[in-house]
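Here is the structure we will look at, set down as structure tokens.
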Amino acid sequence: MNPKLLLPLFAIALFPLVFGNSYGQIVSGGFGNSPFERDFGDVKFLDAYFGTLDQKIEVEAGDSNVPFTVVFANVGTQDITGIKGQLSLPFGFSSSDGPGSIIKADSDSNSLAGKNFHLTFFVNIDKNINIQQYPGTVKVDYSRLRESGVRTAFEDFQFKVTGDSVINVRALEPFLTSLRTNNVVIEIANDGTAPISSVDIVSSNTQTERVSTASSTTNVENVVILESNWDVGNIDPKSSRYLTATVYVPEGLKDDTLRIPLSISYYNAHGDKQTISKIVDFYIKGLIDLTLFNVDVIELSGSQMVVGEIINEGNEDGLFGFVTIKPNGNSNIKSNTQFIDEIEVDAPVPFNIPIEFDGDPRYGEHEITINIRYKDGVRDELFLTNDVTIFVPEPEKEDDSEPDSTVIIITVAIAIGVGIYIMRKRKKAAIEASN
Numbered sequence: 003m004n005p006k007l008l009l010p011l012f013a014i015a016l017f018p019l020v021f022g023n024s025y026g027q028i029v030s031g032g033f034g035n036s037p038f039e040r041d042f043g044d045v046k047f048l049d050a051y052f053g054t055l056d057q058k059i060e061v062e063a064g065d066s067n068v069p070f071t072v073v074f075a076n077v078g079t080q081d082i083t084g085i086k087g088q089l090s091l092p093f094g095f096s097s098s099d100g101p102g103s104i105i106k107a108d109s110d111s112n113s114l115a116g117k118n119f120h121l122t123f124f125v126n127i128d129k130n131i132n133i134q135q136y137p138g139t140v141k142v143d144y145s146r147l148r149e150s151g152v153r154t155a156f157e158d159f160q161f162k163v164t165g166d167s168v169i170n171v172r173a174l175e176p177f178l179t180s181l182r183t184n185n186v187v188i189e190i191a192n193d194g195t196a197p198i199s200s201v202d203i204v205s206s207n208t209q210t211e212r213v214s215t216a217s218s219t220t221n222v223e224n225v226v227i228l229e230s231n232w233d234v235g236n237i238d239p240k241s242s243r244y245l246t247a248t249v250y251v252p253e254g255l256k257d258d259t260l261r262i263p264l265s266i267s268y269y270n271a272h273g274d275k276q277t278i279s280k281i282v283d284f285y286i287k288g289l290i291d292l293t294l295f296n297v298d299v300i301e302l303s304g305s306q307m308v309v310g311e312i313i314n315e316g317n318e319d320g321l322f323g324f325v326t327i328k329p330n331g332n333s334n335i336k337s338n339t340q341f342i343d344e345i346e347v348d349a350p351v352p353f354n355i356p357i358e359f360d361g362d363p364r365y366g367e368h369e370i371t372i373n374i375r376y377k378d379g380v381r382d383e384l385f386l387t388n389d390v391t392i393f394v395p396e397p398e399k400e401d402d403s404e405p406d407s408t409v410i411i412i413t414v415a416i417a418i419g420v421g422i423y424i425m426r427k428r429k430k431a432a433i434e435a436s437n
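Numbering-wise, this note's numbering comes out as the position in the sequence shown, counting from 1, plus 2.
In structure tokens:
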């Protein structure tokens, strides 16, 4: 054979050995170093998340037996059956069957050509897992109808440990006062580990709106709430936002509990809209509305006193009342207190406090503060303070010049002696005239 022909023939024989792996195909261990062997299949990955097919759920570190759903599409031209799945997740995620177990799932139905199907696995999450995205790989085994053998598909994907949002509501001041407009501040707190966004809150305050929740015990239809909708915005984990409301409570709800229902809608960490219901409770106190009048200075039993009256125009008695006067400015009147006990509704309560001076008495105008201290029905201590000007008159001076008893005795004695002298002289004159 011609030696010139041997070299080309030798090169042709070596060509498949050198370039055999250059074709577009996937072999075992390729495509991102998957833990599973990879082959082409007729399924396409769509989504992977914690939750079920109908609803995604929020999860956080330490959660156990959590559903994890992977959704696929049957993009082949034939129906498939016998669908089984196996899941590979990073360290910190394990099967709910126990450590070392394979995370696997079976589909209970066939998948028609062009339709979607899903596999739901159950996973334990380690308590040290961070809230972030993680990589995962899923292996799907299936069979085509009217075809023998098992086909296998592999997909890489990203999933997220979202954290868990926990929404609580409370009133900063849980007491309302009847017969008065109350400015209410309600705290909306996210006590969880996942953020929530676009928070919108609606209050239902009519009987018609509450008929669908017959089991709820609320009397909110008997009050007037000027606001009914609040756009709160985003609430980060472990933080709060606040809303304000103006509530008028009629007299008939005194000593009752007011329950205000709130419907809270928001978007969770998956981007899904959620709606929950919460109730904020308030206790309704009675109104104590005190007015001070008729303040004056009078003299009583030889002592000068500050007197006045207190009227309660509310609907609840004030308890354990005290009235205290204190000096203001240049006044040298001593502080003094009187216990007046209950301050009843629509019945003036008088007080009278003796005036005592710190040092020499100073008469004329004095600026003083009258402080009324009392407690309401829940035993909160309340105060009413009034600055008044009083006039302390100087007492009238008494006549200290008493008659001298010696002078009186001498005068009486002289008068008696003169009378005796005159009587004797007249008697002697009468005797001489008779002779």
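For glycine and all other residues, C-beta sits at the position ideal for the given N, C-alpha and C.
For this session: Determine the extent of the beta strand (DSSP E) in which HIS368 is found, giving its start and end residues.
Result: The sequence position of residue 368 within the sequence shown is 366, counting from 1. Taken as a continuous stretch (DSSP letters only), the beta strand (DSSP E) holding HIS368 covers 366-377.
Exercise. Thinking C-alpha only, which one of TYR376, PRO397, LEU384, ASN354 is nearest PRO363?
Worked result: Residue 363 sits at position 361 when you count from the first residue of the sequence shown. If we check each option's Cα against that of PRO363, PRO397 comes out closest.
Exercise. Going by DSSP, which residues form a beta bridge with LYS162?
Worked result: The residue labelled residue 162 in the question sits at position 160 within the sequence shown. GLN135.
For this session: Along the beta strand (DSSP E) that carries GLN340, what are the first and last residues, could you check?
Result: Counting from 1 along the sequence shown, the entry for residue 340 is found at position 338. First-last of the beta strand (DSSP E) with GLN340: 338-345.
Problem set entry | Run of the beta strand (DSSP E) containing LYS106, from where it starts to where it stops | Translated into the one-based positions of the sequence shown, residue 106 becomes position 104. Here the beta strand (DSSP E) through LYS106 covers 105-108.
Exercise. Which one of VAL325, PRO395, LEU255, SER66 has the shortest CA to CA distance from VAL299?
Worked result: Position 297 of the sequence shown holds residue 299. The residue with the shortest Cα to Cα distance from VAL299 is PRO395.
For this session: For ALA415, count neighbouring Cβ atoms within 10 angstroms of its own Cβ and tell me buried if that reaches 16, exposed if not.
Result: Position 413 of the sequence shown, counting from 1, holds the residue named residue 415. ALA415 comes out exposed.
Exercise. If you draw a straight line from the C-alpha of ASN332 to the C-alpha of GLU367, how long is it?
Worked result: Counting from one through the sequence shown, the residue named residue 332 turns up at place 330. Counting from one through the sequence shown, the residue named residue 367 turns up at place 365. Going from the Cα of ASN332 to the Cα of GLU367 covers about 10 angstroms.
Exercise. Taking C-alpha atoms, which residue in ILE370, SER206, ASN330, TYR51 lies nearest to PHE124?
Worked result: Here residue 124 is taken as the residue at index 122 of the sequence shown, counted from 1. Of the candidates ILE370, SER206, ASN330, TYR51, the one whose C-alpha sits nearest the C-alpha of PHE124 is TYR51.
Problem set entry | Own chain, CB closer than 8 angstroms to LYS377, minus 5 neighbours either side, in chain order | Taking the first residue of the sequence shown as position 1, residue 377 is located at position 375. Here LYS377 has GLY320, LEU321, PHE322, GLU383, LEU384 as same chain residues with Cβ atoms under 8 angstroms from its own Cβ, once five neighbours each way along the sequence are excluded.
Problem set entry | Contact set for THR79: own chain, Cβ-Cβ below 7 angstroms, skip 5 residues either direction | Taking the sequence shown and counting its residues from 1, the one referred to as residue 79 is at position 77. Only ALA115 meet the Cβ criterion.
Problem set entry | From ILE105, VAL234, ILE290, LEU181, residue whose alpha carbon lies closest to that of ASP348 | The residue labelled residue 348 in the question sits at position 346 within the sequence shown. If we check each option's Cα against that of ASP348, ILE290 comes out closest.
For this session: Measure the CB-CB distance between ASN170 and LEU294 and report whether it falls below 7 angstroms.
Result: Within the sequence shown, the letter at position 168 stands for residue 170. Within the sequence shown, the letter at position 292 stands for residue 294. One thing to note: ASN170 has its Cβ no nearer than 7 angstroms to the Cβ of LEU294.
Problem set entry | Three-state secondary structure assigned by DSSP to THR195 | Position 193 of the sequence shown holds residue 195. In the structure shown, THR195 sits in coil (DSSP, three-state: anything other than H, G, I, E or B).
Problem set entry | Residue range of the unbroken beta strand (DSSP E) whose run includes ASP49 | If you number the sequence shown from 1, residue 49 lands on position 47. Start and end: 45-52.
Problem set entry | Extent of the continuous beta strand (DSSP E) run through LYS287 | Taking the first residue of the sequence shown as position 1, residue 287 is located at position 285. Start and end: 275-287.
For this session: Starting from VAL222, follow the beta strand (DSSP E) in both directions and report where the run begins and ends.
Result: The residue labelled residue 222 in the question sits at position 220 within the sequence shown. Premise fails: VAL222 is in no beta strand (DSSP E) and is neither H nor E.
Exercise. What number of angstroms, rounded off, separates the C-alpha of ILE335 from the C-alpha of GLY254?
Worked result: On the sequence shown, position 333 is the one that residue 335 refers to. On the sequence shown, position 252 is the one that residue 254 refers to. If you take the alpha carbons of ILE335 and GLY254, they lie about 45 angstroms apart.
For this session: Count the CB pairs spanning the segment 175-184 and the segment 119-139 that are closer than 8 angstroms, and state whether there are at least three.
Result: No: fewer than three Cβ pairs fall under 8 angstroms.
Exercise. Which runs of the beta strand (DSSP E) spanning at least 3 residues fall entirely within the segment 48-127, listed in chain order?
Worked result: 68-76, 82-90, 95-97, 105-108, 118-127
For this session: Compute the Euclidean distance between the alpha carbons of LYS106 and VAL222, then round it to the nearest angstrom.
Result: Taking the sequence shown and counting its residues from 1, one reaches residue 106 at position 104. Taking the sequence shown and counting its residues from 1, one reaches residue 222 at position 220. Straight across, the Cα-Cα distance linking LYS106 with VAL222 is about 51 angstroms.
Exercise. Among VAL308, THR183, THR371, which one has its Cα closest to the Cα of VAL249?
Worked result: The count along the sequence shown starts at 1 and reaches residue 249 at position 247. Taking only the C-alpha atoms, the option nearest VAL249 is THR183.
For this session: Going by CA-CA distance only, name the one from ASP56, ASN67, ASN118, VAL61 that's closest to PRO101.
Result: Numbered from its first residue, the sequence shown carries residue 101 at position 99. The option with the nearest alpha carbon to PRO101 is ASN67.
Exercise. In chain order, what residues of the same chain have a beta carbon less than 8 angstroms from the beta carbon of MET307, not counting five sequence neighbours either side?
Worked result: For this step, residue 307 is matched to residue 305 along the sequence shown. Hits under 8 angstroms: VAL299, ILE300, GLU301, ASN354, ILE355, PRO356, ILE357.
Problem set entry | ARG172 versus THR259 - alpha carbon distance | Within the sequence shown, the letter at position 170 stands for residue 172. Within the sequence shown, the letter at position 257 stands for residue 259. C-alpha separation (whole angstroms): 14 angstroms.
Problem set entry | Alpha-carbon to alpha-carbon, THR408 and PHE359 | As a position in the sequence shown, residue 359 is number 357, starting the count at 1. As a position in the sequence shown, residue 408 is number 406, starting the count at 1. Going from the Cα of PHE359 to the Cα of THR408 covers about 41 angstroms.
Exercise. Are there 16 or more other CB atoms within 10 angstroms of the CB of ALA196, so buried, or fewer, so exposed?
Worked result: Numbered from 1 along the sequence shown, position 194 holds the residue referred to as residue 196. Result: buried.
Problem set entry | Nearest residue (CA-CA) to SER230, options ASN330, TYR285, VAL325, LEU264 | Within the sequence shown, residue 230 is the residue found at index 228, counting from 1. Of ASN330, TYR285, VAL325, LEU264, the residue nearest in Cα terms is LEU264.
For this session: Out of HIS272, LEU91, VAL351, point me to the one whose CA is closest to ILE59's CA.
Result: Position 57 of the sequence shown, counted from the first residue, corresponds to residue 59. For ILE59, the nearest C-alpha among the options comes from HIS272.
Exercise. In whole angstroms, what is the alpha-carbon distance linking ILE412 and ASN296?
Worked result: Translated into the one-based positions of the sequence shown, residue 412 becomes position 410. Translated into the one-based positions of the sequence shown, residue 296 becomes position 294. One C-alpha to the other measures close to 56 angstroms.
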